[in-house]
Amino acid sequence: MLGLSRRCPRAPQTLYWAFRGDPLFTRVFREKSRVLSFFEAIGELLREGALLSVCVQEKGVTVAVAVLSFAFRWTRVSRRALWLLARSLGPRGLLEVAGWLGQSLRYWAATRGLENYCHLLFLASAVRRRGYGSLALSAAEKACGRIGGVGIVLDVDAENPALLLYYRRGYRPLGEAFFSGRRYIVMAKLLRPEA
């Protein structure tokens, strides 16, 4: 039996298993232990309420997770969470992130004017081709609407097969962004017409 939950205590592990071999994470983190530390820091941000998550569970096991930000609240971020993020990135990863910030003008230009949009940071499925990712995406869209979001914006690696899922679900490209030598498609979907 499948279920949905906004409490995702196993989110860091599910995210780790989904992204541990991702080319971006391999380049930025170099070591798989740093990838796990990064997702443990994301878990801390989820516990603190700075980020939101939805999980798809089957027989009590988390099989997919979506992580969203909406009006990211830095006031809810503890020093511990920031320390965990910095530690997971290490000096080389921090330089990669600084480089992305320098190149992020394309991203900000593509997303200009998207007030009250949630940002889908991660969508991960522990098992491919079973529809779990699609269920998590639907749940994320509903969660975004419940908290006042009018749409979702995301960026996906141009070579990621999930790009087709987003197209099928009504997401449309807004532009491109580049990070750590990879090209990302910035996409958005309006969830409901603005009043």
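Sequence positions in the sequence shown follow full-length UniProt numbering and run 1 to 195.
Note that CB positions come from ideal geometry on N, CA and C, so glycine has one too.
Just so we're clear, the structure is a prediction, and the values are computed from it rather than from any experiment.
Item: Bridge-paired residues (DSSP) for K189; Value: I152
Item: Start-to-end residues for the beta strand (DSSP E) that takes in A124; Value: 117 to 125
Item: Short Cβ contact (8 Å threshold) for K189 with Y171; Value: yes
Item: The stretch 130 to 149 contacting the stretch 176 to 186, beta-carbon criterion three pairs below 8 Å; Value: no
Item: Helix, strand or coil at C55 according to DSSP, with G and I counted as helix; Value: strand
Item: Sequence-distant residues of the same chain with beta carbon closer than 6 Å to A64, five excluded per side; Value: V56, S125, Y132, G133, A136
Item: Contacts around R192, its chain only, beta-carbon distance under 7 Å, and the 5 residues preceding and following it disregarded; Value: G145, V150
Item: Alpha-carbon spacing of L45 relative to A66, whole angstroms; Value: 14 Å
Item: Chain-order list of residues whose beta-carbon lies under 7 Å from that of R80 (same chain, five-residue window excluded); Value: E44
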